[in-house]
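Trainee: In my numbering, the protein residues as written are 7 to 461.
Beta carbons are placed, not taken as given, at the ideal position from N, Cα and C, and that holds for glycine.
Just passing along the structure, written as structure tokens.
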């Protein structure tokens, strides 16, 4: 594997050296500039009639498209001596545009002649009637080479039969039943690998297409043995689902909703029918895709009290941490105290991953002692051989001390406190710990040390 990675890196470096991004220019010789639109790397390039000098960089994509009522003939190519050469433009028959991408070819100074002609095809019309636009996946279907937004009711759709004479539509998974007729004749559908129903059939001028659907009632059943044994979130991982009862709970869903089930402290899940387990978060989840009305999830629990270690992380600001990895992964933090419990039957170590660019940006302590910050491909600290007890971890920028640590514990009650804001303004000056009680929540410099006050 290492040899394969090394060879790949060598190939990439060599490719960059040989095919590295370089600049150049070509000429676009267009008969009527107003008949076309030219884009380079997605940006419109203004054109005039005749020759136009167009600069490029390797890997840029150039696209020339006709405006309505015109077509482009295949671009002719000429080298710097004016001799004809093979054109490297590709036709997109869907919109009659031509495109090229600058790779390792020597385009410098080449000329591409663009000739346009009027194109006013005789359009055909098909009448489409849809009872429910939400029955169409993504709300779009195609007629010939035209993409059409699905709308309720009757709609006349024009298309160019020279560009295609097939109508295609994919049903949303929330469709329970569907009947599509072409001029009164029922059409059959196929299913793709995703289980989606697809109608695709030939059409002609004057055809009538009618789609009648019956949408599913998006309901599911969550069967649980005891609500207080579980932590259930729905329709997303941050919304706690309350009011659940032992036995069957009937709920409604929308496509994209997520059901998350986790065992409460002192319990574990023994049965989770219909749910998928995530070892990353130690939760059972399910994402609704549609077409699942009537689905039943059955969850059962039992008492479980393994030896636990408690990590109390005193954090200056949440953006310092990326994640904490033990038997489960924690990636959401708040300023102040964060409590994380570790199941010692599953893991006896913890990795703290920082969101920093240098080890000088953070200071960490474990029970008052310095906690080393190591760098591999990430900045992290590791605590090994956890025991079933509470650990206090302090994480902040260098010099930061949380309120209640350092200042109040090391200063005598009659000592003076000089308090400044982080921008250098004096906030108060007084004696005794009691003078700090009037401070609002925030970060201060107290007797030369950065301290966070929480309320």
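(1) Quick one, which of 339, 349, 343 has its alpha-carbon nearest residue 359's?
(2) Considering only residues of the same chain and omitting the five flanking positions on each side of residue 277, which have a CB-CB separation below 7 Å?
(3) Helix, strand or coil: how does DSSP classify residue 369 here?
(4) Kindly indicate which three-state DSSP category residue 324 falls into: helix, strand or coil?
(5) So, at 7 Å on beta carbons, what are the nonlocal neighbours of residue 349 in its own chain, with the 5 sequence-adjacent residues on each side left out?
(6) Excluding five sequence neighbours on each side, which residues of the same chain lie with their C-beta closer than 7 Å to the C-beta of residue 185?
(7) How many Å lie between residue 71 and residue 100 at the Cα?
(8) How many Å lie between residue 53 and residue 364 at the Cα?
(9) If we ignore side chains and look at the alpha-carbon of each, how far apart do residue 226 and residue 216 end up?
(10) Does DSSP put residue 127 in a helix, in a strand, or in coil?
(11) Three-state secondary structure (DSSP) at residue 250?
(12) Throw me the rounded Cβ distance for the residue 319 and residue 399 pair, which I believe falls under 8 Å.
(13) Does DSSP put residue 101 in a helix, a strand or coil?
(14) For residue 240, is the classification buried or exposed, using 16 other Cβ atoms within 10 angstroms of its Cβ as the cut-off for buried?
(15) Cα separation between residue 286 and residue 335?
(16) Suppose the cutoff is 7 Å on Cβ atoms and the five residues either side in sequence are ignored; what does the same chain contact list for residue 323 look like?
(17) Report the residue from 117, 442, 456 whose alpha carbon sits nearest the alpha carbon of residue 429.
(18) For the beta strand (DSSP E) containing residue 431, list its first residue and its last residue.
(19) Given a threshold of 16 other Cβ atoms within 10 Å of its Cβ, counted over all protein chains shown, does residue 180 qualify as buried or as exposed?
(20) Please classify residue 442: does DSSP put it in a helix, a strand, or coil?
(21) I'd like the list of long-range same chain contacts for residue 97, defined as Cβ closer than 8 Å, with 5 residues on each side in sequence excluded.
(22) What do you get for residue 90, buried or exposed, if any count of 16 or more other CB atoms within 10 angstroms of its CB means buried?
(23) Hey, residue 31 and residue 59 are a contact pair by Cβ (cut 8 Å); roughly how many whole angstroms apart?
(24) Let me know the secondary structure DSSP gives residue 184 once reduced to three states.
(25) Note the first and the last residue of the continuous beta strand (DSSP E) segment covering residue 301.
Mentor: If we stick to the structure as given:
(1) The residue labelled residue 359 in the question sits at position 353 within the chain shown. Looking at the Cα atoms, 339 is the closest of the given residues.
(2) Residue numbering aside, residue 277 sits at position 271 when the chain shown is read from its first letter. Around residue 277: 304, 305, 306.
(3) In the chain shown, residue 369 corresponds to position 363, counting from 1. Note: residue 369 maps to strand in three-state DSSP.
(4) Locating residue 324 in the chain shown gives position 318, where the first residue counts as 1. Here residue 324 sits in helix by DSSP.
(5) Looking up residue 349 in the chain shown gives position 343. Within the same chain, residue 349 has close Cβ partners 312, 314, 333.
(6) On the chain shown, position 179 is the one that residue 185 refers to. Excluding residues within five positions, the ones whose Cβ falls inside 7 Å are 192, 218.
(7) Taking the first residue of the chain shown as 1, we reach residue 71 at position 65. Taking the first residue of the chain shown as 1, we reach residue 100 at position 94. One C-alpha to the other measures close to 11 Å.
(8) In the chain shown, counting from the first residue as 1, residue 53 sits at position 47. In the chain shown, counting from the first residue as 1, residue 364 sits at position 358. The straight-line gap from Cα to Cα measures roughly 50 Å.
(9) As a position in the chain shown, residue 226 is number 220, starting the count at 1. As a position in the chain shown, residue 216 is number 210, starting the count at 1. Looking at the two C-alpha atoms, the distance is approximately 31 Å.
(10) To locate residue 127, count along the chain shown from 1; it is residue 121. Reduced to three states, the DSSP call for residue 127 is coil.
(11) For the purposes of this step, residue 250 is identified with residue 244 of the chain shown, where counting begins at 1. In this structure, residue 250 counts as coil in the three-state DSSP scheme.
(12) If you number the chain shown from 1, residue 319 lands on position 313. If you number the chain shown from 1, residue 399 lands on position 393. Right, the Cβ-Cβ distance comes to about 5 Å (below 8 Å), so this counts as a contact.
(13) As a position in the chain shown, residue 101 is number 95, starting the count at 1. Coil, per DSSP.
(14) Your numbering for residue 240 matches position 234 in the chain shown. Classification of residue 240: buried, given that the 10 Å Cβ count is 16 or more.
(15) Locating residue 286 in the chain shown gives position 280, counting from the first residue. Locating residue 335 in the chain shown gives position 329, counting from the first residue. Going from the Cα of residue 286 to the Cα of residue 335 covers about 6 Å.
(16) Taking the first residue of the chain shown as position 1, residue 323 is located at position 317. Closer than 7 Å at the Cβ level, and outside the excluded window around residue 323, lie 341.
(17) As a working mapping, residue 429 is identified with position 423 in the chain shown. It is 456.
(18) Position 425 of the chain shown, counted from the first residue, corresponds to residue 431. Where residue 431 is concerned, there is no enclosing beta strand (DSSP E), given that its DSSP letter is neither H nor E.
(19) As a first step, residue 180 is located in the chain shown; it is residue number 174 there, counting from the start. Buried.
(20) In the chain shown, residue 442 corresponds to position 436, counting from 1. Helix at residue 442.
(21) Against the chain shown, residue 97 aligns to sequence position 91. Closer than 8 Å at Cβ, skipping near neighbours: 80, 103, 104.
(22) Counting from 1 along the chain shown, the entry for residue 90 is found at position 84. That one is exposed.
(23) On the chain shown, residue 31 is found 25 positions in, with the first residue counted as 1. On the chain shown, residue 59 is found 53 positions in, with the first residue counted as 1. That belief holds up - the Cβ atoms of residue 31 and residue 59 are roughly 6 Å apart, short of 8 Å.
(24) Position 178 of the chain shown, counted from the first residue, corresponds to residue 184. Residue 184 falls in the strand class under three-state DSSP.
(25) On the chain shown, position 295 is the one that residue 301 refers to. Unbroken beta strand (DSSP E) run through residue 301: 301-309.
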